[in-house]
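The opening residue of the sequence shown carries number 4 in this note's numbering; numbering runs sequentially from there.
Even for Gly, the Cβ is constructed at its ideal location relative to N, Cα and C.
Note sheet for the following structure.
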Amino acid sequence: MFTYHPRINNLHLCSMTNSKEAWAQVTNNSIPLDYKSILQWLINRQWTTQSIADWQTFYNSTSKTLIYDNGDNIILVDLPKLPDYQDFEPYQFTEFCVFNDLNPSLSVYCVQNLEQLRLVNTNLTILPEIKNFQRLQSLIIDTDNGVIDQHLPSEIGQLGSLLALKLSNITYLEDLPNEIEYWTKLQSLILIGIPNFNKIPDEGFGKLSQLTELRFIDLPNLSNIPSTINNLQSLQQLEINKTNINSLDLENLYSLKSILISLNPNLISLNMKNLSLVATISVTYNQQLKTMTLENLPKLYISEFYSLSSLEEISFENVLSLSTISIVSNPKLKSISFINIPTIKSLILSECELTTFPESILTLKSLQTLNMKSNKLSALPLTFSTDLPNLKILNLENNQFQGYIFQPPLIYVRELYLNDNSFTFIDGIGKYKSLSILQLNKNQISSIPLEITGISPTLTRLFIENNLLTDIQYSMVNMRSLNVFYARNNSIPLEKRTALEQLFARARKAFHV
């Protein structure tokens, strides 16, 4: 690897102060010029860990290596004499990096055997001579200081060996040339922070048959992803973040494994169909997204949909391996549909302002955890317990339930979270035969019925703080499995509280009233 630094023409090793002593140590060969010795030399002179790490990042043990830390501290190794970099024989270098150089030489285009070229914070523009790099496999350009034109030269399409292209913080670039169709080996395409970028050539884009990674990030003027994206049969990772697109249809991409769609302010519709290998999907903070469809995704395992403030409809169909769905903070959600979702274990459907319970949830026979906190629900379907026989954990905190606790009883539920509602009675609780944890904080309950002792074999934790209790039966001390009982901030007289605390303490149970 050859890394050019404009300030260096001769071999030297400079300490933090660029001291003459350090120069003398190297030029007099008082230390061997190999990686381990130089590293130890730096450590002995109390060079910072970060500075050493910077050099290690660029280190390469082959001959003709120049390493530096982008500042005033410089280390050069393996060169008894380092002339100006233009004088090097071009065939000797396969990697070339230019960092923080505002006046670079165009001689880089003469190094025809390059396999990797990295330009970071430099004024080196892209010329038609880039076609000379017939062996180039990786091209990274980060921060061009406005020197790259609106359009890349068409000759860039002649980089037939290119495997990876990453362009970031390019000021004026507007598009990619049609000639990208000749990048038949390209595996990774990443565009980040290009404010004027607005066009991807439809036909050429669809011919990137070997592309496995595609990331479009912070491209605020990109309003369209070509439909030819569905030709990319090798694509495995897709990320679209902070663009201006308004719709996206992904279909028949049989290698795609992960999808991340986030912070696209004008995205309205998203459809994903026939994606046979997709395992994870994340769709978040797309404020105008209204409809979303997921169909025939047999390998999808985890999906999350957060902060979609305009989402009205979402449907899942034939998603055969899905284990977890998280749909959070989507206040306009009106319709959610589940068809043939046989393996779902956990559903989070919270902060969506739902007023009625979605009946399609009752088709999720394998569901074990349901979290619907912070909605506006006031009732559950009468068939809730029989339709969801595997449900073990139910969270309905911060809804609008009132009156009596649910009947028919939820006989399979082990953990029931009902904080922040308006329940007034828990009569019938004795029939909740599987219940282990019950939380009823911040309701309007005035009494605990004696029948609660009927679930003594299972109930281990009871929380009923901030209610209207005036009494607690002494017999609750004898509930053999109950070991945590919180009933603070009620209206129980002091004498009764003191007596209860003593009884629970003797039974070695955690009681707070």
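Proximity of residue i and residue j at Cβ, strictly below 7 Å
i, j, result
"PRO180", "SER212", "no"
"ARG491", "GLU468", "yes"
"VAL114", "PHE102", "no"
"ILE344", "LEU357", "no"
"LEU280", "LYS293", "no"
"LEU421", "LEU391", "no"
"SER363", "VAL331", "no"
"SER226", "ASN247", "yes"
"PRO412", "LYS445", "no"
"GLU320", "ILE342", "yes"
"THR346", "SER369", "yes"
"PRO452", "ASP430", "yes"
"LEU485", "SER449", "no"
"LEU165", "LEU189", "yes"
"LEU266", "LYS245", "yes"
"ASN201", "ASN224", "yes"
"THR427", "GLN447", "yes"
"LEU367", "CYS355", "no"
"SER338", "GLU307", "no"
"VAL313", "GLN291", "The sequence given here places Ser at residue 313; Val does not occur at that position. For SER313 and GLN291, yes; Cβs fall inside 7 Å."
Alpha-carbon to alpha-carbon, residue j and residue i
i, j, result
"MET375", "ASN234", "39 Å"
"ILE195", "ILE228", "15 Å"
"LYS67", "ARG121", "Only weak support exists for where LYS67 lies, its pLDDT of 34 falling under 50; the value from the coordinates is given anyway. The straight-line gap from Cα to Cα measures roughly 17 Å."
"GLY149", "ILE197", "11 Å"
"ALA502", "PRO496", "10 Å"
"ILE183", "PHE387", "56 Å"
"ILE193", "ALA382", "49 Å"
"GLU418", "THR463", "10 Å"
"SER191", "LEU350", "34 Å"
"ILE458", "ILE396", "17 Å"
"LYS276", "LEU297", "6 Å"
"GLU315", "LEU170", "36 Å"
"VAL480", "LEU506", "7 Å"
"ASN424", "GLN405", "7 Å"
"ARG218", "THR359", "39 Å"
"ASN63", "THR97", "Note that ASN63 scores a pLDDT of 39, beneath 50, so its modelled location is shaky; the value from the coordinates is reported in the next line. Approximately 12 Å, taken between the alpha carbons."
"GLN239", "ASP252", "16 Å"
"LEU79", "GLU118", "Any reading at LEU79 must be qualified, since the residue scores a pLDDT of 42, below 50, and its modelled position is unreliable; no value is offered."
"ARG511", "LEU438", "21 Å"
"ASP205", "ASP145", "25 Å"
"LEU394", "TYR489", "25 Å"
"GLN371", "LEU263", "26 Å"
"SER250", "PRO361", "26 Å"
"THR231", "THR327", "31 Å"
"LEU132", "GLY163", "As written in the sequence, residue 132 is Glu, which differs from the Leu given in the question. Going from the Cα of GLU132 to the Cα of GLY163 covers about 14 Å."
"ASN135", "GLN161", "9 Å"
"ASN409", "ASP221", "Asn is not the amino acid found at residue 409; the sequence shown has Phe there. Going by the C-alpha atoms only, they are around 49 Å apart."
"SER340", "ASP104", "56 Å"
"LYS379", "ASP178", "47 Å"
"GLY209", "GLU242", "17 Å"
"ASN299", "PRO268", "27 Å"
"ILE432", "ASN493", "20 Å"
Closest Cα partner of residue i within the set the options
i, options, result
"GLU216", "PHE507, SER237, LEU311, ILE159", "SER237"
"GLU498", "VAL516, LEU485, PHE488", "VAL516"
"ILE440", "LEU300, SER349, LEU192, VAL487", "VAL487"
"GLY207", "SER494, TRP186, SER369, GLN190", "TRP186"
"LEU109", "ASN126, PHE426, GLN442", "ASN126"
"ASN106", "PRO204, ILE173, ASP147, GLN290", "ASP147"
"ARG138", "ILE151, PRO223, ASN116, ILE159", "ASN116"
"LYS302", "SER450, LEU323, MET275, TYR175", "LEU323"
"THR128", "ILE159, SER141, GLU118", "ILE159"
"TYR524", "LEU385, ASP152, PRO268", "Residue 524 falls outside the range modelled here, since the chain spans only 4 to 516, and no answer is possible."
"LYS436", "ASN289, PRO223, VAL416", "VAL416"
"LEU270", "ILE262, TYR288, SER258, ALA282", "TYR288"
"LEU311", "ASN299, GLN161, THR473, ASN333", "ASN333"
"LEU385", "LEU365, ASN393, GLN371, SER377", "LEU365"
"ARG483", "LEU465, GLY209, SER494", "LEU465"
"LEU168", "LEU142, SER285, LEU222", "LEU142"
"THR456", "TYR477, THR473, LEU443, GLN442", "TYR477"
"ILE475", "GLY209, PHE514, ARG509", "PHE514"
"VAL286", "ASN401, TYR309, LEU300", "TYR309"
"SER401", "GLN442, THR389, TYR407", "Note on residue identity: the sequence assigns Asn, not Ser, to residue 401. Here the closest residue by C-alpha is GLN442."
At 3 residues or longer, and completely inside the region 293 to 363: list those beta strand (DSSP E) runs for me, N to C.
Whole beta strand (DSSP E) segments, 3+ residues: 294 to 298, 305 to 309, 316 to 320, 327 to 331, 338 to 342, 349 to 353.
Enumerated in chain order, which unbroken segments of the alpha helix (DSSP H) with a length of 4 residues or greater are wholly contained in the region 197 to 225?
The region 197 to 225 contains, as complete alpha helix (DSSP H) runs of 4+ residues, the segments 205 to 208 (chain order).
Every unbroken beta strand (DSSP E) within the region 412 to 463, with a cutoff of 3 residues, ordered by chain
With a minimum length of 3 residues, the continuous beta strand (DSSP E) runs that stay inside the region 412 to 463 are 418 to 420, 425 to 428, 440 to 442.
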